[in-house]
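A.B. asks: In the numbering used here, each number is its position in the sequence shown, counted from 1, plus 78. Cβ atoms here follow ideal geometry from the backbone N, Cα and C, with glycine treated the same way. In this text, all values refer to a predicted model and were calculated from it rather than measured experimentally.
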Amino acid sequence: MKFSDIVGQEYAKRILLRAASIGRLPHAFIFSGTAGTGKKSLAKALAMLLNCSAPLSDGGCGSCRTCKQIIDGNFPDFNIIAPKKDKYRPSKISIDHIRNIYAKLGFAPISKFRVIVIDHAEEMTEEASNAFLRILEEPPPKNIFILNVVEPLNLLPTIVSRCQIIRFYPIPAEKIADWLVKNKGLDRDIAEVISRICEGSLSKALELMEKDFLKKREDWITLFIKLPTFSKKELLSLLEEILKNKDELLDILIVWRGWIRDLIVMKETEDKELLINRDLSHMVEKLANRYILDELVVVMNHIHSAEQAISKNRNVSLVMRKVMMELYHLRTISQ
Ligand SMILES: [Zn+2]
79 MKFSDIVGQE YAKRILLRAA SIGRLPHAFI FSGTAGTGKK SLAKALAMLL NCSAPLSDGG
139 CGSCRTCKQI IDGNFPDFNI IAPKKDKYRP SKISIDHIRN IYAKLGFAPI SKFRVIVIDH
199 AEEMTEEASN AFLRILEEPP PKNIFILNVV EPLNLLPTIV SRCQIIRFYP IPAEKIADWL
259 VKNKGLDRDI AEVISRICEG SLSKALELME KDFLKKREDW ITLFIKLPTF SKKELLSLLE
319 EILKNKDELL DILIVWRGWI RDLIVMKETE DKELLINRDL SHMVEKLANR YILDELVVVM
379 NHIHSAEQAI SKNRNVSLVM RKVMMELYHL RTISQ
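#1: Taking the alpha carbon of residue 283 as the point to measure from, which residue in 85, 79 and 81 has its own alpha carbon closest?
#2: Between residue 275 and residue 332, which are expected to be in contact by the criterion C-beta below 8 Å, what is the C-beta distance as a whole number of angstroms?
#3: When you compare each of 338, 354, 395 and 178 to residue 319 by their alpha carbons, which one comes out closest?
#4: Which residues mark the beginning and the end of the alpha helix (DSSP H) in which residue 123 is found?
#5: Please return the same chain residues whose Cβ sits closer than 7 Å to the Cβ of residue 330, not counting the five positions on each side in sequence.
#6: In whole angstroms, give me the CA-to-CA distance for residue 260 and residue 253.
#7: What three-state label does DSSP hand residue 306 in the structure shown?
#8: Taking 8 Å as the limit between beta carbons, can you name the residues of its chain near residue 335, skipping five residues before and five after?
#9: Residue 220 and residue 191 - do their beta-carbons sit closer together than 7 Å?
#10: Shorter than 6 Å, the distance from the beta carbon of residue 138 to the closest heavy atom of ligand 1, or not?
#11: Which residues does DSSP list as the beta-bridge partners of residue 106?
#12: Taking three-plus beta-carbon pairs below 8 Å as touching, is the region 161-178 in contact with the region 197-205?
#13: Cutting at 8 Å between CB atoms, please list the residues of its own chain near residue 296, excluding the five before and the five after it.
#14: Look up residue 163 in the DSSP assignment and give the residues it is bridged to.
#15: With a threshold of 6 Å on Cβ separation, who are the neighbours of residue 196 within its own chain once the five nearest residues in sequence on each side are excluded?
#16: Verify whether the separation of the beta carbon atoms of residue 269 and residue 258 is less than 7 Å.
#17: What's the call for residue 227, buried or exposed, on a 16-neighbour Cβ count within 10 Å?
#18: For residue 408, which of 234, 387, 389 and 371 has the nearest alpha-carbon?
#19: Kindly list the residues whose CB is nearer than 7 Å to the CB of residue 133, restricted to its own chain and excluding five residues on each side of it in sequence; keep chain order.
#20: Give the DSSP-derived three-state secondary structure of residue 376 in the structure shown.
#21: Beta-carbon separation of residue 406 and residue 341 under 7 Å?
#22: Whose C-alpha, out of 389, 249 and 363, is nearest the C-alpha of residue 324?
#23: Taking only heavy atoms of ligand 1 into account, decide whether any of them is closer than 6 Å to the Cβ of residue 276.
#24: Please check the pair residue 237 and residue 207, which I expect to be a contact at CB under 8 Å, by giving their CB distance rounded to whole angstroms.
#25: Tell me the residue span of the alpha helix (DSSP H) that contains residue 148.
#26: By DSSP, does residue 96 sit in helix, in strand, or in coil?
#27: If you drop the 5 nearest sequence neighbours on each side, which residues of the same chain put their C-beta closer than 8 Å to that of residue 153?
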């Protein structure tokens, strides 16, 4: 994998390539940014660049023994510690995970640089964080640690101060769309909708692509429009139905939030080019005037908070119930 194979993140690539080329790599990095912006891929590309037997100017050759082992996930000196996902969020990283790192550090790397990645590092328990801090206080040579986090503030300040922070930014929609067309053979129209709705996350885009997303999106938008006309009984059975399919909960909320955002944009600017659901602009245009701007803004913010609460495994059915009630009571101006 070359650096140029990774979508976006020009800043991160430039810093890492430069540090590697002058041989001044810090022993620990924090890669900070939302999920799906390329943190793990860039860690892998760095491990290849550093250990490849014939490196190119922007990464490993991809064909030597070391590169192949790293690609296949069986290079002994490239390790990713990744907590399993527990419903919507990763589970905790325990002291045992850090003990495993200690065990590896007992032996010198067989390669030029051992790269150890801790994915979702903010999930380290206090005990695990303290144990990891002791490693950073006396870092063994020829080891590079990479902590992947959404936000460095969620780590111990004493860990942060010993790492170089590299920010990862949401990937621009047009880059994601181009990538989906080129690498996944997606139709341009579909790629563009997915790229605008995935909020800069390539992994989210790939996930949506797998799920027959466009059809579902239209169904969910139709639900949003019809919801205020439901009876209480219909509303409750819909809620039950939605709660049954937990994998799709967050997708439904993203679609509803995107739809409300489009209604707001249409009311404020009347510019169809700014819409997420540009392919449905005729519907947005027709419906935008039905709603009251302030109410849309309030509901959109509440949906955003609901998404965060669900990602933290808070009381999911209560959170969803509240969202549905708000949509149910969203007032429309009769035409
Ligand atoms: Zn190579």
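C.D. replies: In terms of the structure at hand:
#1: 85
#2: 6 Å
#3: 395
#4: 117-129
#5: 298 and 320
#6: 10 Å
#7: helix
#8: 378, 381, 382 and 385
#9: yes
#10: yes
#11: 223
#12: yes
#13: 358
#14: 168
#15: 159 and 225
#16: yes
#17: buried
#18: 371
#19: 127 and 139
#20: helix
#21: no
#22: 389
#23: no
#24: 7 Å
#25: 143-150
#26: helix
#27: 125, 129, 144, 147 and 189
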